[in-house]
Every structure is written in structure tokens, then in C-alpha cells.
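One line per chain: the protein sequences are A, B, C and D, in this order. For the first sequence, the residue numbers in the working numbering are 478 to 740. For the second sequence, the residue numbers in the working numbering are 478 to 740. For the third sequence, the residue numbers in the working numbering are 478 to 740. For the fourth sequence, the residue numbers in the working numbering are 478 to 740.
There are 4 protein chains.
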Amino acid sequence: MTSKIVELEKPKLKNPVFVEGLPGIGNVGRIAAGYLVEQLKAKKFAELLSSHFMPFVLLHPSSSVHVLKNEFFYYKGKGKERDMIILIGDSQSIDPEGHYEIVEEVLKLIKGYGVKEMFTLAGFGIGEEVKKPKVIGAVNDSALVKKYGKSGIDFEAGNRIGTIVGASGLLLGLGRYYGLDGVCLLGETVGFPIIPDPKSAEEVLKVLSKILGLKIDVSELEKKVKEMQEFIKKVQEAQAGAIAQMMKPPEKPADKDKLTYIG
Amino acid sequence: MTSKIVELEKPKLKNPVFVEGLPGIGNVGRIAAGYLVEQLKAKKFAELLSSHFMPFVLLHPSSSVHVLKNEFFYYKGKGKERDMIILIGDSQSIDPEGHYEIVEEVLKLIKGYGVKEMFTLAGFGIGEEVKKPKVIGAVNDSALVKKYGKSGIDFEAGNRIGTIVGASGLLLGLGRYYGLDGVCLLGETVGFPIIPDPKSAEEVLKVLSKILGLKIDVSELEKKVKEMQEFIKKVQEAQAGAIAQMMKPPEKPADKDKLTYIG
Amino acid sequence: MTSKIVELEKPKLKNPVFVEGLPGIGNVGRIAAGYLVEQLKAKKFAELLSSHFMPFVLLHPSSSVHVLKNEFFYYKGKGKERDMIILIGDSQSIDPEGHYEIVEEVLKLIKGYGVKEMFTLAGFGIGEEVKKPKVIGAVNDSALVKKYGKSGIDFEAGNRIGTIVGASGLLLGLGRYYGLDGVCLLGETVGFPIIPDPKSAEEVLKVLSKILGLKIDVSELEKKVKEMQEFIKKVQEAQAGAIAQMMKPPEKPADKDKLTYIG
Amino acid sequence: MTSKIVELEKPKLKNPVFVEGLPGIGNVGRIAAGYLVEQLKAKKFAELLSSHFMPFVLLHPSSSVHVLKNEFFYYKGKGKERDMIILIGDSQSIDPEGHYEIVEEVLKLIKGYGVKEMFTLAGFGIGEEVKKPKVIGAVNDSALVKKYGKSGIDFEAGNRIGTIVGASGLLLGLGRYYGLDGVCLLGETVGFPIIPDPKSAEEVLKVLSKILGLKIDVSELEKKVKEMQEFIKKVQEAQAGAIAQMMKPPEKPADKDKLTYIG
């Protein structure tokens, strides 16, 4: 095992667009994509498991457990809407190599479904709270700046940003080698990882809805976020707790004389 | 080499149940499963070696060594008892990926023997000593809560527990993808890793015996634990000592001028 | 994915010589090789991607991103000049194994193009600034000392240097097993990683040009370095920032009682 | 590349015994095996390279470099002497998994040459200097204690030793699964890694010579050690220097505002 995708169903999709929102700064992407899944009643069709996630299971109030995973949902567009594949999840890779590996698995899957365009959703920490967070854009082909220039995306802020770490960035960067166009929508947020930012997620979602011609009712977002956040927070705290535990120096041996390192 | 199973014998087992008890908090699972192996006179039939264990051998008083390993035992049920596979061992993986890899190797092996149900035994650190430790349950299918609800398992405490780290959790979580039902029995214990907790192990063992219809005499447990603990403690101390040694910053070079990093 | 080479073109080259200059101390090698690519108008024909690079993309002022990579350029020699393959890049491996893996990928590629001789360019930190940095040489076959002894390379300083870390060293060491002759040209530099040293790069380039009979105008080097450095600095700072971020201890869980490590 | 063996020659050996001495505590094993190679004029026939060694090359005074490696030598026994394979080297694995992988590569090679018995040479740190270091023994089959009980090996000290870390231990532990008998000879030594201990190596060598019926003149050992030590020390210091360098926290970005982590 390193990373593997378990397919639950093989939906027939027509020229689907791909949207990703995994945990990250302010959980902006995770909240936006999770809300999208709920509002569209998108259906889960695949799960990604990985030994690059933390080696634990999450315990639900029902006493049942599940292993950390990323989940693929599909949505069949109504009327002029496009078909979609949405990726959300509990976690991103905990080591550098895992990011590459997982992103490649995702790219192979969505390429197989005929995806040609991707929108990755993320947060951009600016260190202070703002009333109306801007949505900053990054692309994996400069021609896309023109294409999406009138969608309320700030394409001038690229200079302020050095890098996009993790899946939202690598999907664009590696996706180029798969012939996929990609836009990363970065909602401005304070930037403390544990504080979720529904306001920023709302702005990201508005931009995405406009581009995709979706009618998403964002009025319930804050309420839903509270529920969703319960769970996301639990995962993150558990992760932090487990990492802290794993990083603790080993206990001192009781009887040092009996224990010796021999090379 | 990453992880590999060495099979010593291919026992014929009929619908065996799987029980796991590896080192962990309070060594509750390890003690309970180890005692079970002794009392049932279960027979070893396979060993699991892994490069995710510490790279050392343990030296016995007899001057002979053995490499760290996990061991599979089988027991042929008498009368109404069921056949069993029991997993105990010296160590769990020392890195995150290893947990996934080892658990998958275990799942493949037991699936091959027709296992459909698993009981993983572990401790749950509560930070204080209690006279009669409760046994908390977690399942990998919520229907199992009903099935085992009358076995003296506390299925209400799930909310207090965020995660189950390591093999006891992952066997359940990943086992679901192998079609295996799994119950984790977590004995309450103080929670300091090095202090073994035979009392907690006893409670876990009582619950397990009741479910499986085994007649296990727990009167010798505390005595046996003392013997067993000698060995387990030695392993853990050695592991802690070796890890500490490995984590020591490298010695300062004597003549700094001759040694330069060149990129 | 671990490391892979994407070939954009298959140039026909005649007995090409290989030159490597990746980021390192004082960026001496990176600056020298980068300038060489510009001055020769060498053409890119392959890219190397690796999960041993940092898992992020770099964001350009144009708002477009690219994944970290190493790039292969070729140059068809004019007159008596030799054909060349030049390797430059954003990054070296961030873990020990990656260095070996990437270097082997490079060796396989250049061996396939008939390379028999390599020049790897690097810096050697001496802890103080010097007016005219010397170029120190290391070889992977002692016969090469004689061959290049009159090219202005200091082959007496080997004793002051303990090791050559990373691609510049491993290309020589592992290249021996591929039957390739290799010379490492180490320009003396102060040694603080983030301060680029065009003067040292210039000296390295002069030696290389003399050996290869290239007429490289080094007068523009300092100016070009300023431009190039903007970008290299951005990558390095981003890398440092991301590493620092990744190394931060996890946030303390808000409600410690609900989060417990269970082995 | 992970670990690979480069065979330079395929010697025909008759029932050879295997001796290992790699760097470790007091370099006892490395010194003893290295001296053995010199005294027997054993011939190198294979090299082991590994991406689990440090990613650098060592620079010799001649300005030539070599990549870190382990080296296999063979010796054709004269008269009643047995054929031998001797393993020495610059380094052991720098990560836990590497130890397992390298040891398995070694075991496969020597098994292929018909080896049935191994002697691994190492140091045992006791924290104080002693006039006449004892040679402590560990075996991978308790029957071997009887076989070698009269060879001046202390088989009573096993209790004082918890573990044997690295190749000397794992060769015994994993070698058991290859059907190989193994004895580890541990020379008592102070235990500071960087201080080589020729006296301890001498005692180990005496015991080994007696068992194998070799006539090794140990009078030159201390002198030879001085020469050998120059080199071993250089490797270790370089390794320590490089590790220290690699462990340094990344430089602070100059302009923090431009660099932000985005998940």
C-alpha cells in the first residue's frame, strides 16, 4: 500500500469539470467544496486511501470508525450546467513525497473521466482579518488569465504569493503534464490553520458558481460550516494530538546499564 | 524488504476469528493477547518481519538473538469454541507508512484463512487509575454495536475518543475494505506507555472470552504478566534507548576547517 | 511517481559533453550553468520532475505556476566547439535518497545521448570573501588530474575538502559506474547559502570555457545574475518558508480530553 | 536505485565463512575486519552502493572522489584455512529501513556463494576504559554457544546487552531465515563513537583467528589503525558535518510578506 483509489461506481460523465477542496489554511477549500457537494447532492463514487495519511482511524459518536480518506463525488449537470467531479477529504499527505503521489493518482482518475479543466480551491493567509476577502487566482497556462479575467478573480496578486503548497498547487503544476487546464482560487484568510473561514469560502464559492453557471444558495453556508467544522476540527485536533504524541522523545530506560547501543 | 510474512505451517482452520494484541498504551492489548496464546496453548504458524521495525536484534539471556517480529498463532476450538488466529508481537511500525503496510499484510493473510470477524485489543489512556477499568468499544460497521451491545462493552464512550492509532485502529478501518467485521476493545488505563496494566488487560480478556465462549482462567494473569513484562519492558527500553541514540545530534567534527558542505 | 524525465525533443548530438549546475552553496554552479544556457541560446529538450522536490508550485508574476523541476538543454557546437547537454534547475532533492535517485535518472539520460565526459559546477564555502576566487577541482579518475592540470584548476586543495554533497558530487561518484569521466569545478565562495556569488561563478565559467574552447562573454554575468537571482532567491525563500511551516509543531488541540493516543 | 551490488569478479569459493566489520561503536568491527583484509591480502570482488548512505562523495588527497560504499573481499584459504568473504565499508545505513534492505542484499550475495557461517564484528560500549577488553558473544542459534564456548568468548554477558543495532545484529537475526549460523563478537570498548579502539579490535581479532585457525600478526594493528583511522575519521567527520548541515533550520526568508504557505 502507498495510495490507492477504491471505485464504488463508474459514473458516465460528459466533459466533466474537476473541483478540489482539501483541508488547508483556513480550510477555505475544504469548506467550499464540501458545501458544494451538499448543495448539489453530489454522489460519492470513489475513495482514495493512502499510507501518506496519519495511521489512525477516526471514531464517530456512533462508535464506528473510518480510516482517513479523500472522496470523489460526481454531479450530473442540469440544463446548461456541466457535469462535475468534486474531491474533498479528511487530510492531505503528511510527507512531501505523498503529495506528489496522491496528486498523480487523482490526475490519472480524472483524466480517465475526460476532465480537461480543473478548479482547485484554497486559502491564502494574509495575517489579518478582512471584511470582504478577495479571491486571488493562479493558473497553469497564462492564457487562462484572459479567459477568467472577468470572473471577479484577482490575477494581480500573484507577486505577493511565492508558492502554493500541497494538492491545490500540485494539481495545477503536474496537471499541465496531463494536458489539463487548471485555475486555483485562493480566498484571502487570516491564516491560522485551525480557524476555519466560512466567509472566505463563500467568496471562493461565489466566483466558482459564476464561472460554472451554478446557482448555489450560500445563505446556509455559515450554519452548515458549524456542523461540518465540528468534524473537520476533530480530525485536525486528533491529527495534531497524534503527531505530538509521535514526536515525543522516547521514555528514558529505567535501567540504563542494561541497554546499550552497539553499532 | 519492506514487510514480509514467513509461514511456518498452513493450518486448516474453520471460519476462524482473528484477535490482535500488539504493544501500545499500557500494553493492554499485548498482555491480553499474549495471555490468551499461553492459556490456549495456541501454536505459532507465521511470523511477520518488517523494515518498519527498529533495525536491531534482541539479545536473550541465553545469548541468542532474534529480530523484531509479529507472530501469528492459531487455536483449534474445542466443542463449541471457534477456531482462532491470534497476532502478538514485539513492536509496531516506527513510521506512519509502515502501519498501513503491515496492517495490509495482516489483512491479506487472515482473509486467506477465511477470517470474517476481528477483535483488536488495545488500551485507552484516561489519565488516572480506576479500580475497575471499563472496556470501551469501537466498530467498523455500526450494526456491530447492536450485535455486541450486551457483552459488557461501553459503546457510549466513542465521543470521548478521537482516534485509534496504529494496528488496532487500522485493522478495523482498512479491514472494512476487505469485507471484515471488526470490533476494537479498549481497556481503560492510566496511559503512561511504559506502565503495563494487567488489570485493564484482564477486563478486556473477560469481555472477549464471554463473546467467544472461551473459558479463560484469568487468575494467573498478574503472575504471568510479571514474567511477560520482563521481556516486553526490555524490548521497549531497548527501543527507547536505540531511538534516543539515533536521535542524538552527530558529534562535532574535530577539525572543522577540513569539512565543508558543498551543494 | 518518484522521479521522472519528460522528454520534449530528441536532439541528435555528437559526442556531447555534459555540464551540470544546480542550486547549492553560493549558487555558484546554478549561476554559471544558467548563464551558459543563456549565452549559448541552448534549447530545452527534457525536464525532470521528482517527488523528492518540495511539494509546491512556484507562482510567477504572470499568475501562472510551475512545479519544481530540473531542465536539460542542448547546444550544437559551432566550428570546433563540442555538442553539449546542460542541466540546470530550481532545486535539488530534499532528502538523501532522492539525490541518488535523481542522479541515476540523469546519468541514464546522458549515457543514452553518448556522453562520456561531465563537468559539474559547484561552490566551495571557505568562510571568508576573497578577491579572486580559486577554482578547485575534483575528479572521478585520478588520470583526469593530469589531463586538466593546466586549465587553471587547483588540484592541490583536495585535502581541505572532505566531501562534495549532492548532485555535483554524486554525478562524479556514481558516473564512474557508468563509465563516465567527471570533473567537478568548485568555485571558492563565502559559503552562506542564500548569498549568490557571481564572481565565483565567473571564475568557474572561465575555466570551463577554456577547457571546452567556448567563447563566453562574461561581461554581462553580473547584470544577468541580478535578474536570475530574483527568481532563484524567490524559490529558495519559498522553500525555506515552506519547510519552516512544515516543521512547525502541530497546534495544541483545544479540548485535550477528547483526544487521546491509543496504541 | 535503493541498494545495489556491483560485482567485479565471480570468485570460486569453497564453503566460505563470512566476516563482517562495518563502522560502529569504537569502530571495533571496522578496524578488525579492515586489518584482516590487509593481512590476508584479500581481494575485492564486489561493491554495495545504496541510497541509504549519505548523498555525498569523499574527496581523497589525490583529488579523486568515491561514493560511499561497502566492499566485499574474498580470501582463498591456505592449507587448513577456510575460504572467506569479508565485508568492510565506509558507512552503514542512515535510516532504519536501509539497515534491513542492505543486510538482505548482503545475505542474498553470501548465500549465493555458499556461506553457512557468519562472524559479525562489533563493539560494545561499557562506559569506561578497561585494560583487557573482553569479547562478548551473541548467536542466532543457541546451539552455537556450546560450539564456540571454548574460544575465549564471554557468553554470560548477554543479559547486560539489550540489543545489537545495525548490520552486525541484523545479519544474525535475518540470517536465521536464510539458514545461516551467525556469531557476533562484541569487543568491550568505552563507547564514544568517534574514538576508535584498536585494543578492542585486537581482542576480537584474536578470538576470530583462533576460531578460524588463521595466523594473524596483530603486532602491526596499532600502527595500521593510525593510517586507517585517518580515513575512517575523515568519513565520519564529513558525515557528521553533512548531517549537521542538513539538519540546520532553513534560512529565514528576507521578505516574509511575499512568502506564504497555502494548503
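Even for Gly, the Cβ is constructed at its ideal location relative to N, Cα and C.
Please state if the CB of residue j and the CB of residue i are separated by a distance shorter than 8 Å.
{"i": "D:Glu-699", "j": "D:Val-607", "result": "no"}
{"i": "C:Ala-644", "j": "C:Leu-499", "result": "yes"}
{"i": "A:Ala-599", "j": "A:Ile-641", "result": "yes"}
{"i": "C:Tyr-552", "j": "C:Ile-565", "result": "no"}
{"i": "A:Gly-503", "j": "A:Gly-668", "result": "yes"}
{"i": "B:Leu-649", "j": "B:Gly-614", "result": "no"}
{"i": "A:Val-616", "j": "A:Met-561", "result": "no"}
{"i": "D:Ser-480", "j": "D:Glu-548", "result": "no"}
{"i": "A:Phe-601", "j": "A:Ile-638", "result": "yes"}
{"i": "C:Val-660", "j": "C:Asp-631", "result": "no"}
{"i": "D:Phe-522", "j": "D:Pro-493", "result": "no"}
{"i": "A:Pro-472", "j": "A:Lys-676", "result": "Limits of chain A in this structure are 478 at one end and 740 at the other, which puts residue 472 of chain A out of reach."}
What is the residue span of the alpha helix (DSSP H) that residue i lies within?
{"i": "A:Leu-682", "result": "675-689"}
{"i": "D:Lys-624", "result": "620-624"}
{"i": "C:Tyr-577", "result": "573-589"}
{"i": "A:Glu-645", "result": "A small correction: the amino acid at residue 645 of chain A is Ser; Glu does not occupy that position in the sequence shown. From DSSP, the alpha helix (DSSP H) with A:Ser-645 extends over 644-652."}
List the endpoints of the continuous beta strand (DSSP E) containing residue i.
{"i": "B:His-543", "result": "542-544"}
{"i": "A:Ala-519", "result": "Run containing A:Ala-519: none; DSSP gives neither H nor E here."}
{"i": "D:Leu-535", "result": "533-536"}
{"i": "C:Ile-613", "result": "612-616"}
{"i": "C:Leu-662", "result": "658-666"}
{"i": "A:Tyr-551", "result": "547-552"}
{"i": "B:Thr-597", "result": "594-602"}
{"i": "B:Gly-566", "result": "561-566"}
{"i": "A:Glu-697", "result": "Here A:Glu-697 belongs to no beta strand (DSSP E), and DSSP marks it neither H nor E."}
{"i": "D:Glu-497", "result": "494-497"}
{"i": "B:Lys-481", "result": "480-484"}
Consider the Cβ of residue i: report whether some Cβ of chain D lies at a distance smaller than 8 Å.
{"i": "C:Thr-666", "result": "no"}
{"i": "C:Tyr-577", "result": "yes"}
{"i": "B:Lys-711", "result": "yes"}
Name the chain B residues that come within less than 8 Å of residue i, Cβ to Cβ?
{"i": "D:Asp-567", "result": "Residues of chain B passing the Cβ test: none, with the nearest at roughly 15 Å."}
{"i": "A:Ile-571", "result": "Pro-573"}
Taking C-beta pairs closer than 8 Å, name the residues in chain D that residue i reaches, listed in chain order.
{"i": "B:Ser-539", "result": "Ser-619, Val-622 and Gly-635"}
{"i": "C:Val-421", "result": "Given that chain C is displayed from residue 478 to residue 740, the structure contains no residue 421 of chain C and the question cannot be resolved."}
Residues of chain A with CB closer than 9 Å to the CB of residue i, please, in chain order.
{"i": "C:Glu-714", "result": "Gly-639"}
{"i": "C:Ser-528", "result": "Pro-573, Glu-574, Gly-575, His-576, Tyr-577, Glu-578 and Glu-581"}
{"i": "C:Met-561", "result": "Per Cβ cutoff of 9 Å: no residues; C:Met-561 is ~26 Å from chain A at best."}
Of all Cβ atoms in chain A, is any one closer than 8 Å to the Cβ of residue i?
{"i": "B:Pro-488", "result": "no"}
{"i": "C:Val-534", "result": "yes"}
Measuring only between beta-carbons, confirm whether residue i sits less than 8 Å from chain B.
{"i": "A:Met-478", "result": "yes"}
{"i": "A:Val-483", "result": "yes"}
{"i": "D:Phe-596", "result": "no"}
{"i": "D:Gly-614", "result": "yes"}
{"i": "A:Leu-736", "result": "Any answer about A:Leu-736 is weak, because its pLDDT of 33 lies below 50 and its placement is not dependable; what the coordinates show is given next. Judged by the 8 Å Cβ criterion, A:Leu-736 is in contact with chain B."}
Measuring straight from C-alpha to C-alpha, what distance separates residue i and residue j?
{"i": "B:Lys-687", "j": "B:Gly-629", "result": "9 Å"}
{"i": "B:Gly-656", "j": "C:Tyr-512", "result": "60 Å"}
{"i": "A:Leu-558", "j": "B:Leu-647", "result": "Here residue 558 of chain A turns out to be Glu, not Leu, going by the sequence shown. Approximately 40 Å between the Cα atoms of the pair."}
{"i": "A:Tyr-654", "j": "C:Leu-651", "result": "29 Å"}
{"i": "D:Gly-556", "j": "D:Leu-685", "result": "18 Å"}
{"i": "A:Val-483", "j": "A:Pro-532", "result": "18 Å"}
{"i": "C:Val-542", "j": "C:Glu-704", "result": "19 Å"}
{"i": "D:Ser-528", "j": "D:Pro-573", "result": "13 Å"}
{"i": "B:Gln-516", "j": "B:Lys-683", "result": "13 Å"}
{"i": "B:Met-724", "j": "D:Ile-571", "result": "The pLDDT assigned to B:Met-724 is 45, lower than 50, so where the model puts this residue is not dependable; a value taken from the coordinates is nonetheless given after this. Approximately 11 Å, taken between the alpha carbons."}
For a contact meaning CB atoms closer than 7 Å, what does residue i contact in chain A?
{"i": "C:Met-531", "result": "Pro-573"}
{"i": "B:Leu-649", "result": "Val-534 and Val-542"}
{"i": "B:Tyr-764", "result": "With chain B covering only 478 through 740, there is no way to say anything about residue 764 of chain B."}
In chain D, which residues lie less than 7 Å from residue i when you measure between Cβ atoms?
{"i": "C:Gly-646", "result": "Phe-533, Val-534 and Val-542"}
Taking Cβ-Cβ distances shorter than 7 Å, what residues in chain B pair up with residue i?
{"i": "D:Ala-519", "result": "Going along chain B, no residue has its Cβ under 7 Å from D:Ala-519, so there is no contact; the nearest lies around 27 Å."}
Any beta carbon of chain C sitting closer than 8 Å to that of residue i?
{"i": "D:Pro-730", "result": "Residue confidence for D:Pro-730 is low, a pLDDT of 36 falling below 50, so the modelled location carries little weight and cannot support an answer."}
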